[in-house]
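Counting the sequence shown from 1 gives a position; the numbering used here is that position plus 227. Glycine residues also receive a C-beta, built at the ideal position from the N, C-alpha and C atoms. The structure appears below as structure tokens.
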Amino acid sequence: MNLRCAVVSALSLAASLAVADDAAERGPTPLPRVTVTAEHISDGYAAGRSRTATKTDTPLLDVPQSVSVVTRDLIQDQSMQSLMDVARYVPGAGMAQGEGNRDAIILRGNSSTSDFFLDGVRDDVEYFRDLYNIDRVEILKGPNAMIFGRGGAGGVVNRVSRQANWEPIREVTLQGGSWDNRRATFDFGGAVSEGFAARVMGVYEDSESYRDGVELERKGINPTFALAIGDSTVLRFSYEYYDYDRVADRGIPSFEGTPFRTDEATFFGDPGQSPTSATVNQGSVTIDHAFSDDLRLRNRTVYADFDKFYQNVFAGGPVDGATGLVPLAAYNAEQLRENVFNQTDLTFSTETGSIGHEFLVGVELGEQTTENQRMTGLFNGTDSAIFVPASDPMVSVPVAFAPTATDATNRGRATIAALYVQDQIRFTPNWLAVVGLRYDSFDMDFTDRRGEGVRIETSDDLVSPRGGLIYKPAENVSLYASYSMTYVPRSGAQLASLTPTNAAFDPEEFENVEVGAKWDISPVLAVTAAVFQLDRKNVVIADPDVPGQSLLVDGQRTEGVELGISGQVSDALSIQGGYAWQDGELTDRLGGTTLAQLPEHVVSLWNRYDFNPSWGVGLGVIYQSDMYAAADNAVTLPGFTRVDAGVYYTLNERLRMQVNIENLLDERYYPNAHNNNNITPGSPLAVRVGVTANF
228 MNLRCAVVSA
238 LSLAASLAVA
248 DDAAERGPTP
258 LPRVTVTAEH
268 ISDGYAAGRS
278 RTATKTDTPL
288 LDVPQSVSVV
298 TRDLIQDQSM
308 QSLMDVARYV
318 PGAGMAQGEG
328 NRDAIILRGN
338 SSTSDFFLDG
348 VRDDVEYFRD
358 LYNIDRVEIL
368 KGPNAMIFGR
378 GGAGGVVNRV
388 SRQANWEPIR
398 EVTLQGGSWD
408 NRRATFDFGG
418 AVSEGFAARV
428 MGVYEDSESY
438 RDGVELERKG
448 INPTFALAIG
458 DSTVLRFSYE
468 YYDYDRVADR
478 GIPSFEGTPF
488 RTDEATFFGD
498 PGQSPTSATV
508 NQGSVTIDHA
518 FSDDLRLRNR
528 TVYADFDKFY
538 QNVFAGGPVD
548 GATGLVPLAA
558 YNAEQLRENV
568 FNQTDLTFST
578 ETGSIGHEFL
588 VGVELGEQTT
598 ENQRMTGLFN
608 GTDSAIFVPA
618 SDPMVSVPVA
628 FAPTATDATN
638 RGRATIAALY
648 VQDQIRFTPN
658 WLAVVGLRYD
668 SFDMDFTDRR
678 GEGVRIETSD
688 DLVSPRGGLI
698 YKPAENVSLY
708 ASYSMTYVPR
718 SGAQLASLTP
728 TNAAFDPEEF
738 ENVEVGAKWD
748 ISPVLAVTAA
758 VFQLDRKNVV
768 IADPDVPGQS
778 LLVDGQRTEG
788 VELGISGQVS
798 DALSIQGGYA
808 WQDGELTDRL
818 GGTTLAQLPE
828 HVVSLWNRYD
838 FNPSWGVGLG
848 VIYQSDMYAA
858 ADNAVTLPGF
868 TRVDAGVYYT
878 LNERLRMQVN
888 IENLLDERYY
898 PNAHNNNNIT
908 PGSPLAVRVG
918 VTANF
């Protein structure tokens, strides 16, 4: 980390700790009730409040932007384990294949592997995340750089972790199912003393797949601690070790504009030479201090170290109709990343006459250091591709890996310093507003180590506004209009294709205009609606008239409607559902092309009905219209309807069981892709059985 960033970060944390020391000297007896920062604030499938959109504890009704919350209860009922599972029942959200080695979220037509956050802090490393230690997942749709800084073009995904508190929990879950699915999780915690609480969560999984040769082994452990200092200060520590080994699965190729017709299990390539692994070590220190009911300080420091490797032998092109052959290609890549972030937020309430204000003033400092190296696979020592029969495409052949002239080998260091101010204004009980402004200094020092090596240094000064007006005709109804924007500076591997002679370094810009309505039908049932237009500008493309040169163009527009419902219809019936209509196209010199992996219509509806305190059932339906696999619109993934189900049995307060059935009607479908020839076939009918014991 550079000296400026390190010094300011240290001073910020030292100031916060001094506050805690002062509170300790006053000496009141610490009481468990001061732990108001506990994260679980949902009731069944409904979540009434959130910190994601404003960094303050705000009713979702008063947030002028679309936010979907997947609560812990819904995660448990559907036996969710990944962000792919989460996105299925969130209107306007989808997941791309991510080359079979990483989470890749699609929000409002924008695909990204970097728009992920953990407890509000950037978590943009390319790996598959697990939900074993997560309380809920909040998906903010539409850009909002005022809160999250650079990125978040179509929105962001914020995982809210489970934290140590003074409530006892001792829970173990064992799960087994189709294709040798074996998984165990545990969660133990509670009060150690009046002022100290501890909690530790863990996961271990060793599973196979409906895909031939695909396996997964993962393990993770996450201890957390909370220390109450006086009656107004809480100090929290968290550390996570998470590691997995799995097979990179790139799916199947295309044939004449559609997915190649083959069994869902068929692996194209060599699973034995397609390993991917990731090791994550991350720790955080957070201090919360309440000077009064109206003045609060939070400082959070996160350090994370990531080590990832993946290798794959996969379909490198479509099936040839004349020969029945498909080309296979191979490469591997290693990524090392180190993150340091420090956020300091001061929130306070005041009034100017009859107008109420809740202010947020914050500073964020950070540094990301990344090293990448990629090597191309050569079959039989010389060939960059081989051709195999599409009827028998799983192979085991010698492959040697070596760097070529086009393989990335680089090192980058991004340094971030930001200042942001937000005001949540209450003009009257019926009229509210949220306005804010953020300034980011983003410096990138990038070295391309290929050949003689090229060093590129860029610096961006980014000013990101946000504004929203809310009208509440009734206490439980809000109508809003909002504007927000974000920038995506050139960074990382993007710079490998730019040189001082062809550089187009201006950051991409994303502007979102949205109007919507929210209605809390009851304290535990909410419906939402949003209409939006999202424009993307300053997209770098290859100049079609001048080889080797780049252009900046006004890139794309996405328009859409999102409807959502979540909560309890009655004491017996819980529901989560939504509908999204989206239309996106590339504009300017790319005009008329429909965005990839953006179905025009998506409908999802999950219901749980409890017959009595012991027995319940769940039923879910997902409909997705057809979509294109890539931006050239050459391959279409057909639409589908998938049905899921669940059965729940609670023996007593200490033991419960559930059965989850995925794809109950055994539909053949293709939920996502990476490109035209890496298409994921959906799972056939699968069953998971879980038993949870509380001690």
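To the nearest angstrom, how far is it from the Cα of residue i to the Cα of residue j?
i           : j           : result
residue 601 : residue 545 : 24 Å
residue 269 : residue 300 : Since pLDDT at residue 269 reaches only 49, below the 50 mark, its modelled position is unreliable, and the value read off the structure follows with that caveat. Going from the Cα of residue 269 to the Cα of residue 300 covers about 9 Å.
residue 276 : residue 376 : 22 Å
residue 755 : residue 309 : 25 Å
residue 830 : residue 461 : 43 Å
residue 864 : residue 737 : 27 Å
residue 265 : residue 387 : Note that residue 265 scores 41 on pLDDT, short of 50, meaning its location in the model is unreliable; the coordinates nonetheless yield the value given after this. Looking at the two C-alpha atoms, the distance is approximately 11 Å.
residue 666 : residue 848 : 43 Å
residue 653 : residue 696 : 10 Å
residue 852 : residue 322 : 15 Å
residue 515 : residue 571 : 10 Å
residue 383 : residue 626 : 38 Å
residue 286 : residue 914 : 37 Å
residue 598 : residue 675 : 10 Å
residue 255 : residue 455 : Reliability of the predicted coordinates at residue 255 is poor, the pLDDT of 43 falling under 50, and the value obtained from them is presented with this limitation in mind. When rounded, the distance between both Cα atoms is 11 Å.
residue 441 : residue 797 : 42 Å
residue 558 : residue 623 : 15 Å
residue 466 : residue 448 : 8 Å
residue 589 : residue 370 : 19 Å
residue 869 : residue 550 : 34 Å
residue 457 : residue 271 : 33 Å
residue 352 : residue 338 : 15 Å
residue 267 : residue 446 : Reliability of the predicted coordinates at residue 267 is poor, the pLDDT of 43 falling under 50, and the value obtained from them is presented with this limitation in mind. Spanning the two alpha carbons is a distance of roughly 24 Å.
residue 258 : residue 425 : Low confidence applies to residue 258: its pLDDT is 40, below 50, so where it sits in the model is not reliable enough to give any reading.
Which first and last residues belong to the alpha helix (DSSP H) in which residue i is found?
i           : result
residue 302 : 299 to 304
residue 310 : 310 to 314
Can residue i and residue j be called in contact, C-beta distance under 8 Å?
i           : j           : result
residue 648 : residue 664 : yes
residue 933 : residue 431 : The shown model of the chain, from 228 to 922, leaves out residue 933, and the question about it has no answer.
residue 415 : residue 396 : yes
residue 871 : residue 889 : yes
residue 705 : residue 289 : yes
residue 293 : residue 741 : yes
residue 691 : residue 713 : yes
residue 609 : residue 628 : no
residue 917 : residue 401 : yes
residue 413 : residue 429 : yes
residue 670 : residue 662 : no
residue 379 : residue 783 : no
residue 283 : residue 702 : no
Determine the extent of the beta strand (DSSP E) in which residue i is found, giving its start and end residues.
i           : result
residue 375 : That residue, residue 375, is in no beta strand (DSSP E); its alpha helix (DSSP H) goes 372 to 375.
residue 358 : First-last for residue 358: undefined, no H or E at that position.
residue 282 : Neither: residue 282 is in no beta strand (DSSP E) and is coded neither H nor E.
residue 515 : 502 to 519
residue 615 : 613 to 616
residue 450 : 442 to 456
residue 340 : Note, residue 340: premise wrong, no beta strand (DSSP E); not H, not E.
residue 436 : Neither: residue 436 is in no beta strand (DSSP E) and is coded neither H nor E.
residue 565 : 552 to 579
residue 592 : 582 to 606
residue 524 : 522 to 542
Can you find the residues in the same chain that come closer than 8 Å, C-beta to C-beta, to residue i, ignoring five residues on each side of it along the sequence?
i           : result
residue 521 : 575, 576, 577
residue 881 : 920, 921, 922
residue 260 : Model confidence at residue 260 stands at a pLDDT of 40, short of 50, so the residue's coordinates are unreliable and nothing is read from them.
Here's a check: name, in chain order, each residue in its chain whose Cβ is nearer than 7 Å to the Cβ of residue i, leaving out the five neighbours to either side.
i           : result
residue 907 : 324, 478, 897, 898, 899, 900
residue 472 : 444, 502, 504
Tell me which residues share the same chain as residue i and place their Cβ nearer than 6 Å to its Cβ, disregarding the 5 neighbours each side in the sequence.
i           : result
residue 904 : 480, 481, 542, 544, 545
residue 765 : 733, 735, 736, 779
residue 317 : 295, 366
residue 536 : 504, 561
residue 942 : Lying before the first or after the last residue shown, residue 942 is absent from the chain, which here runs from 228 to 922.
residue 529 : 348, 511, 568
residue 834 : 802, 846
residue 476 : 327, 438, 441
- [ ] Would you be able to state if there are at least three C-beta pairs under 8 Å between the region 504 to 515 and the region 477 to 484?
- [x] Note that the region 477 to 484 does not touch the region 504 to 515; fewer than 3 beta-carbon pairs, one per stretch, sit closer than 8 Å.
Can at least three beta-carbon pairs, one atom from the region 632 to 645 and one from the region 608 to 617, be found at a separation below 8 Å? no
Does the count of Cβ pairs from the region 555 to 569 and the region 583 to 603 closer than 8 Å reach three? yes
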